[in-house]
Amino acid sequence: MPAEAPLANAAVAALAELTPEPGVAKPDPILRVDSVVRQFGGLRAVDVSHLEVQRGAITALIGPNGAGKSTFFNVISGFDTSDDGSWTYNDEAITNRAPNKLARQGLVRTFQLTKSLSRLSVLDNMLLGAGGQTGESIFPSIFKFTWAKQESQNTKRAMELLGRFNLAQKSADFAGSLSGGQRKLLEMARALMLNPQLVMLDEPMAGVNPALKQSLLDHIRDIREEGTTVMFVEHDMDMVRDVSDWVVVMAQGAIISEGTPGSVMQDQRVIDAYLGAHHDSALTESGQGLTTEEDPA
Amino acid sequence: MDFGFILSQSLTQAIGVTAIIYCIAAIGLNIQFGYGGLLNFGQVAFVAVGAYAVGVTVVEVGSSLWLGVAFAVIIAIGLALLLGIPTLRLRADYLAIVTIAASEILRFLAKSADFLGGSQGVTGSIGTEFYDLNPLPEWDRFELGPLSFSRVDMWLVMTGWTFIAIMTLLTWLLMRSPWGRMVKGIREDEDAVRSLGKNTYLRKLQVLMLGGVFAAFAGVFSAVSKGSVQPDGFVPDFTFFLYVMLILGGTARVAGPLLGAAIFWFLLVFVEQVLKEGVANDVITFISVTQIGPIRFILVGIGLMLLMIFRPQGILGDRKELMLDAR
Amino acid sequence: MHQRSRRPTRWLGSGFLALLFALIPVMGFASPAQADELELTVAVIDGERAGIPDAAINITGPDGFTADIVTDGEGLAVIAVPTESTFTLTLDEGTITEGVQGDNPREVSVLTRDKRVIFTIGGDGGGGGGGGITFDRVAQLLVGGIVLSIIIALSALGLSLIFGTTGLTNFAHGELLTLGAFTALVLNTTFGINIIIAGPLAIVLSAALWGWGQNQFLWKPLRRRGTGLIAAMIVSIGLAITIRYLIVFFFGGAPQSFEQFAGQTPIDLGIVFVTPKELIMSVIAIIVLTISVLWLKNSRLGKATRAVSDNPALASASGVNVERVISVVWVLGASLAALSGVFLGLTQNVVWTMGQFLLLTFFAAVVLGGLGTIGGAIVGSFVVGITVQLSTLIVPTELKTAAALFLMIILLLVRPQGLLGRRERVG
Chain A
7 MPAEAPLANA
17 AVAALAELTP
27 EPGVAKPDPI
37 LRVDSVVRQF
47 GGLRAVDVSH
57 LEVQRGAITA
67 LIGPNGAGKS
77 TFFNVISGFD
87 TSDDGSWTYN
97 DEAITNRAPN
107 KLARQGLVRT
117 FQLTKSLSRL
127 SVLDNMLLGA
137 GGQTGESIFP
147 SIFKFTWAKQ
157 ESQNTKRAME
167 LLGRFNLAQK
177 SADFAGSLSG
187 GQRKLLEMAR
197 ALMLNPQLVM
207 LDEPMAGVNP
217 ALKQSLLDHI
227 RDIREEGTTV
237 MFVEHDMDMV
247 RDVSDWVVVM
257 AQGAIISEGT
267 PGSVMQDQRV
277 IDAYLGAHHD
287 SALTESGQGL
297 TTEEDPA
Chain B
23 MDFGFILSQS
33 LTQAIGVTAI
43 IYCIAAIGLN
53 IQFGYGGLLN
63 FGQVAFVAVG
73 AYAVGVTVVE
83 VGSSLWLGVA
93 FAVIIAIGLA
103 LLLGIPTLRL
113 RADYLAIVTI
123 AASEILRFLA
133 KSADFLGGSQ
143 GVTGSIGTEF
153 YDLNPLPEWD
163 RFELGPLSFS
173 RVDMWLVMTG
183 WTFIAIMTLL
193 TWLLMRSPWG
203 RMVKGIREDE
213 DAVRSLGKNT
223 YLRKLQVLML
233 GGVFAAFAGV
243 FSAVSKGSVQ
253 PDGFVPDFTF
263 FLYVMLILGG
273 TARVAGPLLG
283 AAIFWFLLVF
293 VEQVLKEGVA
303 NDVITFISVT
313 QIGPIRFILV
323 GIGLMLLMIF
333 RPQGILGDRK
343 ELMLDAR
Chain C
543 MHQRSRRPTR
553 WLGSGFLALL
563 FALIPVMGFA
573 SPAQADELEL
583 TVAVIDGERA
593 GIPDAAINIT
603 GPDGFTADIV
613 TDGEGLAVIA
623 VPTESTFTLT
633 LDEGTITEGV
643 QGDNPREVSV
653 LTRDKRVIFT
663 IGGDGGGGGG
673 GGITFDRVAQ
683 LLVGGIVLSI
693 IIALSALGLS
703 LIFGTTGLTN
713 FAHGELLTLG
723 AFTALVLNTT
733 FGINIIIAGP
743 LAIVLSAALW
753 GWGQNQFLWK
763 PLRRRGTGLI
773 AAMIVSIGLA
783 ITIRYLIVFF
793 FGGAPQSFEQ
803 FAGQTPIDLG
813 IVFVTPKELI
823 MSVIAIIVLT
833 ISVLWLKNSR
843 LGKATRAVSD
853 NPALASASGV
863 NVERVISVVW
873 VLGASLAALS
883 GVFLGLTQNV
893 VWTMGQFLLL
903 TFFAAVVLGG
913 LGTIGGAIVG
923 SFVVGITVQL
933 STLIVPTELK
943 TAAALFLMII
953 LLLVRPQGLL
963 GRRERVG
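Residue numbers (the working numbering), protein chains in the order written: chain A, 7 to 303; chain B, 23 to 349; chain C, 543 to 969.
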């Protein structure tokens, strides 16, 4: 882990200077989204007019249930198609590009409901993340000598990452035998096998026991320290406050507020949006009222 | 009752020509369903394609069997593309419905197409070139312990099982590789594999093609061994029996289809022979000879249900592994 | 994770099969002499539907079967054929005055006891591809299509509801139809109950035994065990095979008919011919379908059914008894399928493959209309039923089912959610 993280530090400093308003321009955006709309029948699940995500920072995406956060994630990462709009990644237009292509370009995501591959070993899960494998083509795969060397290099790297995420001793187990929290860790470690530039984490804390939460937070910070941009959807307000450099708030498909964690939590529009959705909970309460499972919107 | 005879009959069928045909098609299905999780309910269509390709090439066109085999492979790949390109993007159960529908469409088409012999199918000496290669001495019978084969059957059984051995080895090689890892990953969760930058669609197509080509070989073997191709041999039940064998042996196990096909045919013939002997010797009096056929299939159906419920991992599978399966 | 469920599964082996076998004594007696021969009726008519006498027809079939027949004064000739198979009919054009419409020689699959083949001569040119598209012919096919649609719709609605509430792709749904028809057959032929009473009685019995019973002793324990959807689908294939061959075991493979209304002379409605039984059954079926749909739309239980289809977890959380809803759906599905079985038995025959033959058209209807939607299943059924019949204008009769399946595949590619389905959400 590098002691100094110039990109991350610069990003955090730059963000502190910005006006906290929806759609504000960032000094060095990795992701830029314009007028993205996703409709289900008459329901506008996502209607984002403009959003920029700062490179090197940790951006949190929050909002009440049904605000369209997960759908927004799905659209950007290519798992759902938008009805309108465009978005760029590293200034390259990637509108409605297939998720596997995006992943190869360094835009990698995880899922709200972990998608660990149950009947594959933990190590195989990791190895699947490695890119450019000769042995993944059907004809060379028959001849082991064509891919044996690459495989051992990938294995070495996978074991290093597993060690970092405290999963090394589980490497031979089926991923399906891991606990929920361990699966979240595995999914994050697996995403790092791709050397991503932008990691999109969909509710990384959902279903994780409190003992593991701190270690997950540390890992997310580590990812940023290494120069990777992180964007995540989360309901756990403690986590949002602890780890994020910038917070984007969605309600009814649109972005209603943006800013540093401190400024956003005092924004009247945000408080109204949450109160509208949860009559019994205030945003400032330690997130208890906001940690309910979101329906798959 | 002559149990010696019943046993030798059953064993003969367990490694006989029919078992070989089903086994080869089941190896293909194992790649598709067992490893890749593709719900191909139209495997019989690929078998039919293989059988018709050689049947028509040899009998109707009068050309070489080997050219027919080449056509079988090409058409099977074509069919896999035709079915796969549009449907592999759809939900898993849609693939099941589309493939079973496609297999029935093909059967109806075959029955109504004159150049495919209509509902009579194609009959002729399809396998002459293959039988000419038979190096075995000109004996009447070949005795292998309790088993006994004619010269032709012996040749078919030898080549059949050699072919199965090669296919099984190929499956093993593929499945230990990163390609196999990705295919198994797709079975577990396609979106996860896509999120890791893999082109899952291409692999699913490859899986469908590979399994389809194997099934076409089964069709070739069927046409060659029987000397005829009958459209009504290619009903959906053929595919369902493949599933029974595959699940019996163990899905996603290289040896699953071998064991499954052998045991399936052993049991089927064993039950039939015991009942026949029993009825003939007045040991079993409550059923008639014509009811023996249905009993076999009743047992197949009940067997499939019980297997799927109580031992879905089959003979070779690992129960713990299967319990992880979220499907 | 499925530990606690050992007890219910024990029911499975004993319970459901016991139910099935409970009927064995009854079925044993029911098995009538299977000497009923398959009869093939050939009609030779002209463009105005008048019978042509003295037309000679040669019939050949498997195992060297061959026969010659000559039509009577009404243009009809009847022949008994030995086996269910495909026969080739050749109308001797020397014995008729004008050319034949459609294929001659013609291949005919005889699978039901009273198969009818019509040779139409003269008319517009004759000998043309599919027999020429005339208004009369379209109208007659449309009527056949509607009758078929109704049969499909009755079963497809149940299939769709079961899929919607439980996620089960039920490959044994065709057998619900078959079982319904055979239950009626036992009541009708063994107990001598007139089909007018035996039919409704069979529907009630089917609802209880094959619907409620099947769910209670097979699917409910499986759901408790946490059996996956694909595993359940394969179990349903096993069940379908089991039921089919149990029926062959007890009743034999030959087609049978109910004792009443077996042969009815069609009445001439001007443009089309319809048998009175087809008319009455269609009216009954349409009333039943309407009531079912209205009930699903408006009643409390119907609304609960739709809530479960939408989101079982949410429905359960809002106080809907999901298992009860599923039970009701099975009862409804089995009764509707039984009704379509009785209907099919009356218009054609009662045979062990009757449900199996139609299963793919049910799937086609449900998929066409949109999986799990009520209106979709019915709309889909009419699209499929009418396509099957009208397609014979263009393609050979053997391909009529293929036409509907082909239509389904094409629609799936263009509009995967079906005609009335909604686009799905991801994630």
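All residues carry an ideal CB built from backbone N, CA and C; glycine is no exception.
Query                                                                                                                         : Result
Neighbour flag for Phe563 of chain C against chain B, beta carbons, 8 Å                                                       : The pLDDT assigned to Phe563 of chain C is 44, lower than 50, so where the model puts this residue is not dependable, and the model offers no usable value.
Backbone secondary structure at Met211 of chain A - three-state DSSP                                                          : coil
Identity of the residue in C:Thr630, C:Thr662 and C:Ser858 nearest Ser651 of chain C by Cα                                    : C:Thr630
Spatial distance of Leu204 of chain A from Thr161 of chain A (CA atoms)                                                       : 23 Å
Inter-residue spacing [alpha-carbon to alpha-carbon] between Ala209 of chain B and Thr222 of chain B                          : First, the residue type needs correcting, since residue 209 of chain B is Arg and not Ala in the sequence shown. Cα to Cα, Arg209 of chain B sits roughly 10 Å from Thr222 of chain B.
Three or more C-beta pairs below 8 Å linking the stretch 105-123 of chain A and the stretch 153-167 of chain A                : no
Under 7 Å (Cβ pairs) to chain A, residues found in the stretch 39-58 of chain B                                               : none
DSSP-derived helix/strand/coil call for Ile306 of chain B                                                                     : coil
Residue range of the unbroken beta strand (DSSP E) whose run includes Phe260 of chain B                                       : Per DSSP, Phe260 of chain B belongs to no beta strand (DSSP E); it is in the alpha helix (DSSP H), Pro258 to Gly271.
Given 8 Å, three or more beta-carbon pairs between the stretch 117-133 of chain B and the stretch 943-951 of chain C          : yes
Closer than 8 Å to chain B by CB, Ala572 of chain C                                                                           : Because the pLDDT of Ala572 of chain C is 38, which lies under 50, any placement of that residue in the model is unreliable, and the number read from its coordinates should be weighed accordingly. No, Ala572 of chain C lies away from the interface with chain B (no Cβ there is under 8 Å from its Cβ).
The beta strand (DSSP E) enclosing Phe803 of chain C, as first and last residue numbers                                       : Element bounds for Phe803 of chain C: n/a, residue is neither H nor E.
Rounded separation between Phe256 of chain B and Val144 of chain B - CA only                                                  : 13 Å
Chain B contact residues for Val652 of chain C, given Cβ-Cβ distances below 7 Å                                               : Going along chain B, no residue has its Cβ under 7 Å from Val652 of chain C, so there is no contact; the nearest lies around 11 Å.
Ordered list of alpha helix (DSSP H) runs contained in the stretch 113-193 of chain B, each at least 4 residues               : 114-134 and 150-153
Close-in-space but distant-in-sequence residues of the same chain around Asn730 of chain C (CB under 6 Å, 5 per side omitted) : Ile737, Ala740, Phe800 and Glu801
Start-to-end residues for the alpha helix (DSSP H) that takes in Asp224 of chain A                                            : Pro216 to Glu231
Test item: CB-CB of Ile122 of chain B and Pro253 of chain B under 8 Å                                                         : no
Meets three-Cβ-pair contact criterion under 8 Å: the stretch 59-70 of chain A and the stretch 133-144 of chain A              : no
Rounded C-alpha distance that separates Tyr44 of chain B from Ala102 of chain B                                               : 19 Å
Test: Asp89 of chain A CB closer than 8 Å to a CB of chain B                                                                  : no
8 Å Cβ cutoff, Pro14 of chain B in contact with chain A                                                                       : The first residue shown for chain B is 23 and the last is 349, placing residue 14 of chain B beyond what the model contains.
Under 9 Å from the C-beta of Gly207 of chain B: neighbouring residues of chain A                                              : Leu123, Leu126, Asp130, Asn131 and Leu134
Residue environment, Arg125 of chain A, which counts as buried when at least 16 other CB atoms sit within 10 Å                : buried
Contact under 8 Å by Cβ, Leu683 of chain C with Thr903 of chain C                                                             : no
Reference Leu110 of chain B; option with closest CA among B:Ala240, B:Phe262 and B:Gly58                                      : B:Gly58
Near-chain B residues of the stretch 934-965 of chain C - C-beta to any C-beta below 7 Å                                      : Pro938, Glu940, Leu941, Thr943, Ala944, Leu947, Phe948, Met950, Ile951, Leu954, Leu955 and Pro958
Asn131 of chain A - containing alpha helix (DSSP H), residue span                                                             : Val128 to Gly135
Within 8 Å, strictly: CB atoms of Leu223 of chain A and Leu198 of chain A                                                     : no
Coil, strand or helix - Ile566 of chain C by DSSP                                                                             : The predicted position of Ile566 of chain C is uncertain, since its pLDDT is 43 and thus under 50; no value can be drawn from it.
Touching by the beta-carbon criterion (3+ pairs, under 8 Å), the stretch 235-252 of chain B and the stretch 76-90 of chain B  : yes
Which residues DSSP lists as bridging Ile68 of chain A, in chain order                                                        : A:Val255
Run of the alpha helix (DSSP H) containing Pro200 of chain B, from where it starts to where it stops                          : Pro200 to Glu210
Environment of Glu165 of chain B [buried if 16+ CB atoms lie within 10 Å]                                                     : exposed
Contacts that Glu82 of chain B makes with chain F (C-beta to C-beta distance below 9 Å)                                       : Note that chain F does not occur in the displayed structure, where the protein chains are A, B and C.
Interface partners of Val215 of chain B on chain A, CB under 7 Å                                                              : Leu134
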